[in-house]
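Using my numbering, you'd call the opening residue of the sequence shown number 1 and step up by one each time. Reading through the structure tokens given below for one structure.
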Amino acid sequence: MFDYDGTLTPIVKDPQSAIPSDRVLRTLKTLAADPRNAVWIISGRDQAFLDEWMGHIPELGLSAEHGCFIRMPRSDNWQNLAETTDMGWQKEVMEIYQHFTERTQGSFIERKKVALTWHYRRADPEYGAFQARECRKQLEEHVSKTWDVEVMAGKANLEVRPRFVNKGFIATRLVQAYEDGKVPEFILCSGDDFTDEGMLFPFLATPKLRHELLLTYLRYVPCLEEI
């Protein structure tokens with residue numbers, strides 16, 4: 001299970017410029033083609049981006065918007081796991097985002113089908129971080145207390161999405177569906193920030209995997225090339 005931004009590609013100022021290298025695509029294709037492997041990209045990116053850059057690898061599983069959507073291997077269809085969720089919160093989030101976008105030069109809003117993200121990686125770093133803290137306060141005060149959503153701080157961004165949607169939820173779903181519930185012999189989860197650690201939590205409760213995961217949990221890879 002791989003995160004995308006910061007794991008398979010570096011963090012860049014323009015998110016649309018973070019495209020996978022030929023080497024990454026070749027490696028993913030090789031791994032996914034091995035019938036012993038189940039390879040997934042679990043990303044905050046939307047469906048269109050993942051389809052465009054990795055949709056040509058039929059054996060690769062894709063999860064968009066941190067688990068809101070999944071596309072099974074050897075399928076072209078996306079399943080919306082948040083289909084029955086009330087999206088009324090989006091209007092309130094957009095109003096707060098717009099307020100801070102107008103007051104933070106270089107910031108911008110990314111509106112996905114479910115999740116809403118405010119980016120400030122092009123803004124002045126110190127001022128952008130300050131505005132992000134203020135924005136998060138307003139979101140938690142006026143949105144999180146009313147709606148069943150979560151405010152997540154990423155690398156130079158804030159994202160609001162349904163609370164049940166996270167990488168741990170998707171990881172659990174995938175492992176439970178693996179060969180009719182059979183425990184995999186080996187699981188690799190790779191990410192670049194604390195939001196990706198959620199992929200590990202479900203496995204810590206699995207007795208056959210707990211010891212190995214606790215040891216692996218502490219390992220740190222300093223650069224993309226070493227992955």
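Note that CB positions come from ideal geometry on N, CA and C, so glycine has one too.
| Query | Result |
| --- | --- |
| Are any of the Cβ atoms in chain C nearer than 8 Å to that of residue 104? | No chain C appears in the structure shown, which is made up of a single protein chain. |
| So, is residue 62 buried or exposed, given that buried needs 16 or more other C-beta atoms within 10 angstroms? | buried |
| For residue 169, collect the residues of the same chain with a Cβ closer than 7 Å to its Cβ; drop the 5 residues on either side in sequence, then sort them by chain order. | 67 |
| Is residue 170 helix, strand or coil by DSSP? | helix |
| Please name the residue in 71, 46, 48 whose C-alpha comes closest to that of residue 58. | 71 |
| One question on the structure: do residue 31 and residue 54 come within less than 8 Å of each other, judged by their Cβ atoms? | no |
| Would you identify the three-state DSSP class for residue 64, choosing helix, strand or coil? | strand |
| Would you identify the three-state DSSP class for residue 10, choosing helix, strand or coil? | coil |
| Can you check the region 64-125 for any beta strand (DSSP E) of at least 3 residues that lies completely inside it and give the ranges in chain order? | 69-71, 108-111, 116-119 |
| State the CB to CB distance for the pair residue 158 and residue 117, rounded to an integer number of angstroms; the pair is presumed to be in contact (CB under 8 Å). | 7 Å |
| List the endpoints of the continuous alpha helix (DSSP H) containing residue 53. | 47-54 |
| Cα separation between residue 105 and residue 96? | 15 Å |
| Where does residue 162 fall in DSSP's three states? | strand |
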